[in-house]
Amino acid sequence: MNFSEYVVSRWDTLSLAAAEHVLAVAIAIGVAALVGIGTGLLVHETPKARNASLALSAAILTVPSLALLTLLIPLTGLGWGSTLVALTAYALLPIIRNTVTGLNGVDATTVEAGRGMGMSRARVLMKVQLPLAWPLILTGVRVSTQMIIGIAAIAAYVDGPGLGTQIFEGLSRLGSVNALNATLAGTLGIVVIAVLFDLFFYAVRQLTVPRGLRVRH
Amino acid sequence: MFDTETEGARIELRALTKHYPGQPAPAVDNVDLDIPAGELVVFVGPSGCGKTTTMKMINRLVEPTSGEIRIGGKDVLSLQPDELRRHIGYAIQQVGLFPHLTIGQNIGLVPKLLGWPAARIAARVEELLSLVNLEPSLFHDRYPRQLSGGQQQRVGVARALAADPPVMLMDEPFGATDPITREHLQKEFVRLQKRLRKTIIFVTHDFEEAIKLGDRIVVLRERSHIAQYDTPAEILARPADDYVAGFVGQDATLKRLALLRVEDVAPVGPPQPTGLPQVAAGTSLREALDVMIAHGSDRCSSPSGVLTYAALCGVVGTGRPSSTGQEPEAVPSLPAPEKVVAGGR
Chain A
1 MNFSEYVVSR WDTLSLAAAE HVLAVAIAIG VAALVGIGTG LLVHETPKAR
51 NASLALSAAI LTVPSLALLT LLIPLTGLGW GSTLVALTAY ALLPIIRNTV
101 TGLNGVDATT VEAGRGMGMS RARVLMKVQL PLAWPLILTG VRVSTQMIIG
151 IAAIAAYVDG PGLGTQIFEG LSRLGSVNAL NATLAGTLGI VVIAVLFDLF
201 FYAVRQLTVP RGLRVRH
Chain B
1 MFDTETEGAR IELRALTKHY PGQPAPAVDN VDLDIPAGEL VVFVGPSGCG
51 KTTTMKMINR LVEPTSGEIR IGGKDVLSLQ PDELRRHIGY AIQQVGLFPH
101 LTIGQNIGLV PKLLGWPAAR IAARVEELLS LVNLEPSLFH DRYPRQLSGG
151 QQQRVGVARA LAADPPVMLM DEPFGATDPI TREHLQKEFV RLQKRLRKTI
201 IFVTHDFEEA IKLGDRIVVL RERSHIAQYD TPAEILARPA DDYVAGFVGQ
251 DATLKRLALL RVEDVAPVGP PQPTGLPQVA AGTSLREALD VMIAHGSDRC
301 SSPSGVLTYA ALCGVVGTGR PSSTGQEPEA VPSLPAPEKV VAGGR
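Residue numbers (UniProt numbering), protein chains in the order written: chain A, 1 to 217; chain B, 1 to 345.
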């Protein structure tokens, strides 16, 4: 059986695994974006809280994914639970870092002009700093997404959802029938998902970055 | 807020002090100042003298350590700061337009904060764009990045005027533009202020600008101590001390001439449309002098009559060309007129 025959014959399994992979990444990135951007908004002005949250999220990222997933089993069990927790945790650092950098990178005189016109601190943050930082924040979310699409494959070790199962099954039976095809299908599937997510974020960027930030002279 | 007046309100500063923690000396030390309603008062002084800090205490971007501020009789320190700021126009050198909002949205921001109905905001934005000479149909929907520096500063002024505040604070609002644009903006602004009669505090380190714009000038030294507070003509004619004289510079008499127009001098004869260098009505005496020097003539003709060099010397108090009087350095040894200030006041 060549590769295309394999894909056709296992289409149901493959498409379900791919859909699960996308879903796991989507849920994790959604939660991480909410938590990460929220954290960034809260801590960007207080150096201690800012450094603590960045250090913590950086520390999580240094834990090997296999170890983190295994360590989570007693807490969140096998399968979806541990997968989602781990993916969300890994996605936080780029989002928090870019949110903090973006908010603090807004020109101080722009912030002062807002305050001087009688906008409250919170209003300046939400109506001026957040929109101006948005392109950078979105880049953070995009980087996180690309990162956890790969990590999601490893979730197969804790019986998690996604295309990782194909890869690991293939690798463990290497040399036997369809082993290479399974590995290849899983890997290529992940590449396709990564490209699709990137296209998605390109569209989001076009739709949500304020026009005033995109115009040229 | 200030009795709903939109024409100027009087500003009073009493023993106003700002002492930043951990600093040996206060940044602003015990300032007493009365700014009459409807006047444009320029704070001028070297960098770091506390002029901007003093100004920012008035809209409480900087909270005073002690002292009192009253606008139109109201105690500013008892008001809610955000609410206070919505009733004080604020324009800064870097303009600080919001790049993600259109020009119309930028100008309409304070009225929106004040809860004006949309139709009234739209009408006001149109009016203000016309007021600062930007064609509303062209600029309303553009974004700040699509505008030149000079256009952005006009929008900055329009934004500060948006809610028709009785008081405006302006921190070098024309500072970031090239000299030609700046001069143009200054002239426009003087014309605008003649109509609007706001109480304006205008901060600059450029004494020329202070003379051109100010009804009165406050010359500040370090810690915002007032060296002199008077009209431009008075400061030029009688600087209080060496510090102020240093600020005025070596060409005080020329600067005084720039404040006066040909109409301010009694002509020695009827206009002579031929044979003499001609100057237009409304020309400053400094420009008239420049014309005379350029033509090697001791007189020139304007629509109001013939003007002589002796008459020019007369108005600035030296009496005759070969002065022995108070300002021996000024008139007889004329500096080269390379930096002619176009009058326009």
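Every residue gets a Cβ at the ideal spot worked out from N, C-alpha and C, and that includes glycine.
For R14 of chain B, the three-state DSSP class (helix, strand or coil):
In this structure, R14 of chain B counts as strand in the three-state DSSP scheme.
Distance between beta carbons of A182 of chain A and G164 of chain A, contact taken as under 8 angstroms
G164 of chain A to A182 of chain A, Cβ: 11 angstroms. No contact.
Give the range of the alpha helix (DSSP H) segment to which Q186 of chain B is assigned.
For Q186 of chain B, the uninterrupted alpha helix (DSSP H) run begins and ends at 179–196, by DSSP.
Hey, how far is the Cα of L72 of chain A from the Cα of F139 of chain B?
Taking the CA atoms as reference points, L72 of chain A sits about 58 angstroms from F139 of chain B.
Output yes or no for whether 9 angstroms exceeds the beta carbon distance between L134 of chain B and A162 of chain B.
Not a contact, by the Cβ cut-off of 9 angstroms.
Could you give the DSSP three-state label for E68 of chain B: helix, strand or coil?
Correct three-state label for E68 of chain B: strand.
Can you grab the Cα-Cα spacing for the pair residue 280 of chain A / I193 of chain A, in whole Å?
Absent from the structure is residue 280 of chain A, since the part of chain A shown begins at 1 and ends at 217.
Any C-beta of chain D within less than 9 angstroms: which residues of the segment 58–77 of chain B qualify?
Absent from the structure: chain D. Protein chains present are A and B.
Please list, in chain order, the chain B residues whose beta carbon lies closer than 9 angstroms to that of P47 of chain A.
Neighbours of P47 of chain A in chain B, taken as residues at a C-beta separation under 9 angstroms, are lacking, since the least C-beta distance is about 17 angstroms.
Of the choices B:R124, B:L109, B:A122, whose alpha-carbon is the least far from that of G118 of chain A?
For the options B:R124, B:L109, B:A122, the alpha carbon positioned closest to that of G118 of chain A is the one of B:L109.
Anything in chain B within Cβ reach of L132 of chain A, meaning under 9 angstroms, just list it in chain order.
The contacting residues are F98, P99, H100.
C-beta atoms of A233 of chain B and V268 of chain B nearer than 9 angstroms
It is not a contact, given that the beta carbons lie outside the stated cut-off.
Report yes if the C-beta distance between A86 of chain A and A179 of chain A is below 9 angstroms; otherwise report no.
Contact flag unset, no.
Who are the neighbours of Y20 of chain B on chain A, taking C-beta pairs under 9 angstroms?
Under the 9 angstroms cutoff, chain A gives no residues; its nearest Cβ is about 17 angstroms from Y20 of chain B.
How about R14 of chain B and D32 of chain B: are their beta carbons less than 9 angstroms apart?
In this structure, R14 of chain B lies near D32 of chain B, with their beta-carbon atoms less than 9 angstroms apart.
Buried versus exposed, by CB contacts within 10 Å (16 or more), F202 of chain B:
That one is buried.
Does any heavy atom of the ligand GTP sit closer than 8 angstroms to the C-beta of P270 of chain B?
Annotation note on the ligand GTP: not contained in the displayed structure, which lists no ligands.
Give me the Cα-Cα distance between residue 363 of chain B and G81 of chain A, rounded to the nearest whole angstrom.
With chain B covering 1 to 345 only, the question about residue 363 of chain B has no answer from this structure.
Closer than 7 angstroms, Cβ to any Cβ of chain B: which residues of the segment 107–134 of chain A, in chain order?
Those residues of the segment 107–134 of chain A that come within reach of chain B (Cβ to Cβ, closer than 7 angstroms) are T109, T110, E112, A113, R115, G116, M117, G118, M119, S120, V128, P131, L132.
Quick one: what does DSSP say L220 of chain B is sitting in, helix, strand or coil?
Three-state result, L220 of chain B: strand.
Would you mind reading off the limits of the beta strand (DSSP E) that contains R299 of chain B?
Element bounds for R299 of chain B: 299–302.
Please list the residues of the segment 163–174 of chain B that have a C-beta atom closer than 7 angstroms to any C-beta atom in chain A, keeping them in chain order.
Close to chain A, meaning a Cβ-Cβ distance shorter than 7 angstroms, is no residue of the segment 163–174 of chain B at all.
For V111 of chain A, collect the residues of the same chain with a Cβ closer than 8 angstroms to its Cβ; drop the 5 residues on either side in sequence, then sort them by chain order.
If we look at V111 of chain A and ignore the five residues flanking it on each side, its Cβ neighbours are V124, V128, Q129.
Could you tell me the alpha carbon to alpha carbon distance between M170 of chain B and L77 of chain B, rounded to whole angstroms?
The straight-line gap from Cα to Cα measures roughly 20 angstroms.
Residue range of the beta strand (DSSP E) that M170 of chain B falls in?
Element bounds for M170 of chain B: 167–171.
For D178 of chain B, would you say it is in contact with chain A, using Cβ-to-Cβ distances shorter than 9 angstroms as the test?
Under the 9 angstroms criterion on CB atoms, D178 of chain B is classed as non-interfacial with respect to chain A.
Considering only their Cβ atoms, is the gap separating I69 of chain B from L16 of chain B smaller than 9 angstroms?
Cβ distance < 9 angstroms, so L16 of chain B and I69 of chain B count as in contact.
Between which two residues does the alpha helix (DSSP H) containing V85 of chain A stretch?
Going by DSSP, V85 of chain A is part of the alpha helix (DSSP H) stretching over 80–105.
Using a beta-carbon distance below 9 angstroms, is V204 of chain A in contact with chain B?
No, V204 of chain A lies away from the interface with chain B (no Cβ there is under 9 angstroms from its Cβ).
Just checking: is the beta-carbon of L41 of chain A within a distance shorter than 9 angstroms of some beta-carbon in chain B?
False, the Cβ-Cβ gap to chain B never drops below 9 angstroms.
Contact check, V43 of chain A vs A32 of chain A, beta carbons under 9 angstroms
Their beta carbons are not under 9 angstroms apart, which means V43 of chain A does not touch A32 of chain A by this criterion.
Quick one: grab the DSSP three-state call for D29 of chain B.
Under the three-state reduction of DSSP output, D29 of chain B falls in the strand class.
Please list the terminal residues of the continuous alpha helix (DSSP H) segment that includes L134 of chain B.
Annotation: L134 of chain B is outside any alpha helix (DSSP H) and is labelled neither H nor E by DSSP.
Please check if any C-beta of chain A sits within less than 9 angstroms of the C-beta of R145 of chain B.
The beta-carbon of R145 of chain B is placed less than 9 angstroms from the nearest beta-carbon of chain A.
According to DSSP, is F197 of chain A part of a helix, a strand, or is it coil?
In the three-state reduction of the DSSP assignment, F197 of chain A falls in the helix class, which pools H, G and I.
Under 9 angstroms between the Cβ atoms of I29 of chain A and I137 of chain A?
No, the pair does not count as a contact, with Cβ atoms beyond the cut-off.
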